[in-house]
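One structure is given below, encoded as structure tokens.
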Amino acid sequence: MKIPIKGPIVSDDDIWIYEWFGIGATSPKTVSKLIEEANGEDLEVEINSGGGSVWAGSEIYTLLKSCKQNVVVNIMGIAASAASVAAMGGKLIRIAPTGQIMIHNSMSGASGDHRELEHAAEMLKGVDRSIANAYILKTGKNMEELLSLMAKETYMGAKEAKELGFADEIMFDEDDQLVVASFDQSSLLPRNVINKVRNLIDNPNSITDTTDNSQQNHINEPPKEEPKKVAPISMFEKQIKMNERRGITQ
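For what it's worth, UniProt numbering labels the leading residue of the sequence shown as 1, then goes sequentially.
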């Protein structure tokens, strides 16, 4: 059974927002459901993802690694960041001759004073070491070597990925490393966009209230007086007025 891991890797709590916008994404729940539907059948995981949530990627890795049946991972395009972690869950990892794997340090949008930022930095270092454990189990390389590759934000073509142990086979028996188009960053929605959508769903009247208030203010405005129209004066009336100015009466 085929399991696609395409688009950004997101948490189960956020996946519905991507679906609402019609954006393809993958969450652990998506993968878990397909594994259950396979009912013990061998799995063929197809990956083309720029990554996303490190925790969601770790959960998908664990789901695949825990499967008793055979799990073959095919890297069709890019397996970057969290997607590269998920890919390590396969018993056999194959990569397309045009495919790439990218590994790098974890990132965070931390803010605060120097103490909070120092704490965040230490937390990220711990996350990096946790991520590296998945690479260690696959490649057999030591922690320091992998942390160095992650710190450099390493991109591996098919041949290099196989040489370094991140992939077992190159699909279609191609041995040459091909030049690929530059990698576009993960298309995760910004957190503020997700929060705005959540607020819109929770408070659907937030938009209509604004519109209604605008219309109500327009209704409450006092009516504007139309300028008085002056009737045209006939030639006879003009003559009378001129005679009045001259003191002439009839």
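The C-beta atom is built at its ideal place from N, Cα and C for all residues, glycine as well.
All values derive from a computational prediction rather than experimental measurement.
Mapping DSSP to helix, strand and coil, what is residue i?
i           : result
residue 76  : strand
residue 116 : helix
residue 140 : coil
residue 122 : helix
residue 152 : coil
residue 48  : strand
residue 201 : helix
residue 193 : helix
residue 71  : strand
residue 169 : strand
residue 9   : strand
residue 105 : coil
residue 134 : helix
residue 110 : coil
residue 87  : helix
Does residue i pass the burial test, meaning 16 or more other C-beta atoms within 10 Å, or should it be called exposed?
i           : result
residue 19  : exposed
residue 172 : exposed
residue 45  : buried
residue 115 : exposed
residue 140 : exposed
residue 146 : buried
residue 53  : buried
residue 8   : buried
residue 10  : buried
residue 107 : exposed
residue 190 : exposed
residue 109 : exposed
residue 117 : exposed
residue 59  : buried
residue 201 : exposed
residue 261 : Nothing about residue 261 can be read from this structure; the chain reaches only from 1 to 250.
residue 193 : exposed
residue 28  : buried
residue 166 : buried
residue 230 : Because residue 230 sits at a pLDDT of 49, beneath the cut-off of 50, its placement in the model cannot be relied upon, and the point is left open.
The alpha helix (DSSP H) with residue i in it runs from where to where?
i          : result
residue 32 : 28-38
residue 60 : 54-65
residue 81 : Segment: none, residue 81 is in no alpha helix (DSSP H) and carries neither H nor E.
residue 15 : 15-21
For the beta strand (DSSP E) that residue i lies in, which residues bound it at each end?
i          : result
residue 93 : 92-95
residue 3  : 2-6
With DSSP as the reference, please indicate the residues paired to residue i in a beta bridge.
i           : result
residue 157 : 100
residue 145 : Bridge partners of residue 145: none, in fact.
residue 43  : 71
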